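Visitor:
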Amino acid sequence: MVTPLAHMERAARVKVMIFDVDGVLTDGSLTYGPDGEVTKTFYVLDGLGIQLLNRTGVQTAIISARTSPIVIKRAADLGITHVFQGQHDKRLAFSELLNKTGVTAEACGYIGDDVIDLPLLSRVGFAVTVPSGHPEVQHRAHYVTKNPGGRGAVREVCDMVMRAQGTYEQALAPYFG
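The sequence shown begins at 513 in the working numbering and counts up by one.
(1) Measuring straight from C-alpha to C-alpha, what distance separates R667 and G624?
(2) Quick one: which unbroken beta strand (DSSP E) runs of 3-plus residues sit fully inside the stretch 628–687? Chain order, please.
(3) Just reading off the beta strand (DSSP E) that A619 is part of, what are its end residues?
(4) I need the straight-line Cα distance from P581 to G614, nearest angstrom please.
(5) Indicate, with yes or no, if the ligand COA has a heavy atom lying under 7 Å from the CB of V666.
(6) Under the three-state reduction of DSSP, which class applies to Q571: helix, strand or coil?
(7) Can you name, in chain order, every residue of its own chain whose Cβ lies under 8 Å from the Cβ of L565, other than the five neighbours on each side?
(8) Can you check whether the CB of Q599 is closer than 8 Å to the CB of S634?
(9) Hey, how far is the Cα of Y622 from the Cα of V533?
(10) Apart from the five residues just before and just after H654, which ones in its own chain have a Cβ nearer than 8 Å to its Cβ?
(11) Ordered along the chain, which non-local residues of its own chain (more than five positions away) have a Cβ less than 7 Å from that of P686?
(12) Unbroken alpha helix (DSSP H) runs of length 4 or more, entirely within the stretch 533–617: which are they?
(13) Which residue or residues does DSSP assign as beta-bridge partners of M520?
(14) Which residues mark the beginning and the end of the beta strand (DSSP E) in which V528 is found?
(15) Would you call the CB atoms of D558 and G689 closer than 8 Å?
(16) Inspect the beta-carbon positions of V642 and T657 and report whether they are closer than 8 Å.
(17) Quick one: residues in its chain with C-beta nearer than 8 Å to the C-beta of A617, no 5 flanking neighbours on either side, listed in chain order?
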């Protein structure tokens, strides 16, 4: 079992925070419209957490097995510049991300919820999952969020990284006018 200090130490080293989409940025539900289109619901507190994290200099990325134009729109709205979709072998996108950013795997955090995420969770320096994450994923994560996916898990992690890096107060300062 990882101690709280250990996961904060890991969060302090994050230079790139990577997010899965379904089950992490969303609650994992897929809603199909009458024409077969899939919609997703995102949580506004998670979004602001990502924006704040970006402002502190931590880069953000999405690596998802599914492909959706909604994800491109959400990423653009939040300032997530690295977006990889349709990645059933997430290691390929991860390798490309490392090359683009010039960071090491140990300087990355990743939050995922299912076994497809294990190859990345086993490589990053800060591996996170959500309470509904698959047991194999929970067993291998450095931290399991208190909040569920699509309902504050991402914000919890963003705040944790900022606190661990000493940038939390600075990130919130503009709101205490």
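Every residue gets a Cβ at the ideal spot worked out from N, C-alpha and C, and that includes glycine. Bear in mind the structure is a predicted one, so any value in this text is a computation, not a measurement.
Guide: Straight from the coordinates:
(1) 14 Å
(2) 638–641
(3) From DSSP, A619 is part of no beta strand (DSSP E); its letter is neither H nor E.
(4) 27 Å
(5) As far as ligands go, the structure on display features none, and thus does not contain the ligand COA.
(6) strand
(7) M529, T572, C670, V673, M674 and A683
(8) no
(9) 11 Å
(10) V514, A518, H519, R522, F638, A639 and V640
(11) none
(12) 556–567, 581–590 and 602–613
(13) Per DSSP, none; premise fails for M520.
(14) V528 to F531
(15) no
(16) yes
(17) F606, L610, R635, V636 and G637
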